[in-house]
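Here's the structure, in structure tokens; my notes come after.
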Amino acid sequence: MDSIHIRGGNRLTGDIPISGAKNAALPLMTAALLTDETVKFHNMPQLTDVQTLGKLLNVLGAELEPEIAGHSYTLSITTPDIVSTTAPYEIVSRIRASFWVLGPLLARCGKARVSLPGGCAIGARPVDLYIKGLQKMGAQIDLVDGYVVAAAPDGLKGALIRSPVVSVGATHTLLMAATLAEGETILENAAREPEVTDVANCLVSMGAKIDGIGTSTLRIQGVDRLHGTTHHVVADRIEAGTYAIAAAMTGGDVTLKNADASTFEAALVAMRAAGVEVESRQGEVRVARNGTRLQATDVVTQVFPGFPTDLQAQFMALMTTAEGESEITETIFENRFMHVQELARFGADISLHGDKALVHGVEKLKGAPVMASDLRASAALIIAGLAAEGETVINRVYHLDRGFERIEEKLGACGAEIWREKAS
Ligand code: EPZ
418 MDSIHIRGGN RLTGDIPISG AKNAALPLMT AALLTDETVK FHNMPQLTDV QTLGKLLNVL
478 GAELEPEIAG HSYTLSITTP DIVSTTAPYE IVSRIRASFW VLGPLLARCG KARVSLPGGC
538 AIGARPVDLY IKGLQKMGAQ IDLVDGYVVA AAPDGLKGAL IRSPVVSVGA THTLLMAATL
598 AEGETILENA AREPEVTDVA NCLVSMGAKI DGIGTSTLRI QGVDRLHGTT HHVVADRIEA
658 GTYAIAAAMT GGDVTLKNAD ASTFEAALVA MRAAGVEVES RQGEVRVARN GTRLQATDVV
718 TQVFPGFPTD LQAQFMALMT TAEGESEITE TIFENRFMHV QELARFGADI SLHGDKALVH
778 GVEKLKGAPV MASDLRASAA LIIAGLAAEG ETVINRVYHL DRGFERIEEK LGACGAEIWR
838 EKAS
């Protein structure tokens with residue numbers, strides 16, 4: 418297995434281009450199944466998760482046409498016919514977003530058989546909200562041999578669905594299903610993460626009728642069919658936040674290009690509170706820290722527009738060398754502290770108390786061999802390694818390749834000493 422090596426201590430300076438958002442690209446790809454016409458996505462990120470989901474779409478009958486020119490990636494998806502309504506375990510267990518084909522398959526074909534999902538090991542991650550929502554829309558759902566087997570032979574019907582918990586994936590699934598249902602569906606307490614908004618905007622450009630985009634109540638009037646479109650994938654706020662934190666951690670000065678500060682404002686607010694200089698301009702964000710030590714800052718993860726759980730590990734890495742003690746509370750996933758024991762290998766002083774981590778800032782980190790446990794945790798280890806004295810080796814980097822495009826190249830261009838060693 419490949420490993421990433423970092424010789425820490427260099428300040429990051431320069432520009433980092435931000436890619437299209439993984440967590441928008443994946444549900445957008447599943448939305449393309451809703452029509453037999455071509456849906457073309459610009460600004461796609463080049464990631465293994467995108468390839469894995471592409472393989473599933475192929476199995477279901479989609480034809481994928483990638484156009485790659487340098488770092489620009491455009492993907493056209495055309496699904497003249499759905500040739501299979503089964504999403505097999507072998508793929509769905511590897512990437513959680515592939516479970517989201519459930520909504521489009523059921524809406525377009527009246528049936529679907531989708532393996533229960535996998536994805537990063539950060540909690541139990543049940544699918545009850547998807548199932549209850551689709552049942553409200555008239556689907557009959559059974560769990561058979563690890564598969565969700567859903568049928569709506571007479572089509573889905575509009576319904577009022579109030580979710581007790583805000584779920585990104587359930588919102589994507591029910592929103593897509595509702596676009597082709599008969600009548601009106603109202604999704605209350607819907608997720609309003611920027612990626613959900615991006616998907617909703619794309620669906621509208623495919624002919625869907627959706628009101629309330631960007632709010633927690635979505636009203637969808639079902640239509641008979643959707644058509645093709647061209648869509649530009651929104652910038653990746655988690656990638657942007659990760660590099661912003663990396664810049665701050667190394668006392669650097671970095672401008673994030675094609676970033677939208679409004680999509681990760683809560684993280685920028687926390688960074689400012691810690692003493693980081695943040696300047697947002699049209700389409701870019703500059704992050705700098707010159708000489709001064711960071712101040713301990715508390716954060717609590719929340720649904721959007723709160724502090725994102727997908728930046729919790731990275732922010733914790735930042736706090737490891739801050740002055741004082743910071744309290745980091747994780748409210749979204751019950752088991753998202755796997756990075757704590759790995760950060761300890763760098764000499765970080767962190768104790769866990771239920772859903773809280775107390776980070777007692779130390780003067781410096783020291784490089785160490787560490788193991789990536791999930792996607793965002795891997796990014797936290799890179800951030801720690803960039804600031805640590807000496808060499809860090811990060812193993813199991815396939816997690817990183819799932820969600821960060823060309824990470825060594827982007828960091829290397831800003832002065833980091835980082836390289837990948839291929840497994841022999
Ligand atoms: C999405 O996961 C993202 N994944 C996650 O990013 C992100 O951490 C998460 O949203 C929260 O923002 C993608 O977009 C591919 P949820 P998702 O359903 O949709 C509970 C990354 O690193 N819940 O919003 O799976 C659930 O257990 C990944 O890129 C139920 O109880 O998350 C959790 O506590 C990791 N029942 C909470 O809701 C359900 O049926 C939020 O989960 C569904 C969810």
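Using this note's numbering, the first residue of the sequence shown is number 418, and each one after it goes up by one.
Backbone N, C-alpha and C fix where the C-beta goes; we use that ideal spot for every residue, glycine too.
A residue is called buried when at least 16 other Cβ atoms come within 10 angstroms of its Cβ; Q699 does not meet this threshold and is exposed. Under the Cβ criterion (8 Å, minimum of three pairs), the region 565-574 counts as touching the region 520-536. In this chain, the beta strand (DSSP E) harbouring N812 covers 808-812. Contact annotation: L474 and F458 have beta-carbon atoms that are not nearer than 8 Å.
When DSSP states are grouped into helix, strand and coil, G829 belongs to the helix group. Apart from the 5 residues on each side of it in sequence, L470 sits with its Cβ closer than 7 Å to the Cβ of L443, M446, I512, A514, S515 in its chain, given in chain order. Burial state of P543 is exposed, judged by a 10 Å Cβ sphere holding fewer than 16 other Cβ atoms. In this structure, G778 sits away from T809, with a CB-CB distance that is not shorter than 8 Å. Here the C-alpha atom of L760 lies approximately 40 Å from the C-alpha atom of R530. Assigned with DSSP and collapsed to three states, P611 falls in helix.
Excluding the 5 residues flanking it on each side, E744 has same chain C-beta neighbours closer than 7 Å at D715, K773, L775, in chain order.
Here H648 is actually not in contact with V613; their C-beta atoms are around 14 Å apart, not less than 8 Å.
Rounded to the nearest angstrom, the Cβ distance from A683 to G723 is 5 Å, consistent with a contact under 8 Å.
Remark: the shortest separation between the CB of T726 and any heavy atom of ligand 1 falls under 7 Å. DSSP places G778 outside both helix and strand once states are collapsed to three, so it counts as coil.
The beta-carbon distance between G555 and K574, rounded to whole angstroms, is 4 Å. This is short enough to meet the 8 Å contact definition. Contact annotation: the region 671-681 does not touch the region 622-629, with fewer than three C-beta pairs closer than 8 Å. For N752, the Cβ stays outside the 7 Å cut-off from all heavy atoms of ligand 1. Fully contained in the region 571-639 are the following beta strand (DSSP E) runs of length 3 or more, in chain order: 577-579, 601-605, 626-628, 634-638. Its Cα nearest to that of G807, the residue A833 stands out among P497, D545, A833, G600. Taking C-beta atoms under 8 Å as the contact rule, G708 and F681 fail to qualify, at a distance of about 25 Å.
At a Cβ-Cβ threshold of 8 Å, V476 and S501 count as neighbours.
With contacts defined as CB atoms closer than 8 Å, R706 and E694 qualify as a contacting pair. For V456, the closest C-alpha among the options Q463, I423, C619 is that of C619.
Per DSSP, the beta bridge partners of H459 are H649. Between E605 and G572, the gap from beta carbon to beta carbon reaches 8 Å or more. I799 places its beta carbon less than 8 Å from that of I811. Out of A504, K549, V720, the CA that lies nearest to the CA of E610 is found in V720. In this structure, T495 is the residue among Y490, D419, T495, S622 with its C-alpha nearest to the C-alpha of E454.
Remark: C-beta atoms of G437 and A652 approach each other more closely than 8 Å. Looking at the backbone, the Cα of G820 and that of H488 are separated by about 15 Å. The closest heavy atom of ligand 1 lies 7 Å or more from the beta carbon of N606.
In this chain, the alpha helix (DSSP H) harbouring S795 covers 792-804. Setting aside the 5 residues that flank it on each side, P497 is surrounded in the same chain by D453, each with a C-beta closer than 6 Å to its C-beta; the list follows chain order. DSSP links S679 through a beta bridge to no other residue. For K783, same chain residues with a beta-carbon under 7 Å away, outside a window of 5 residues either side, are F763, G764, A805, E806, G807 in chain order.
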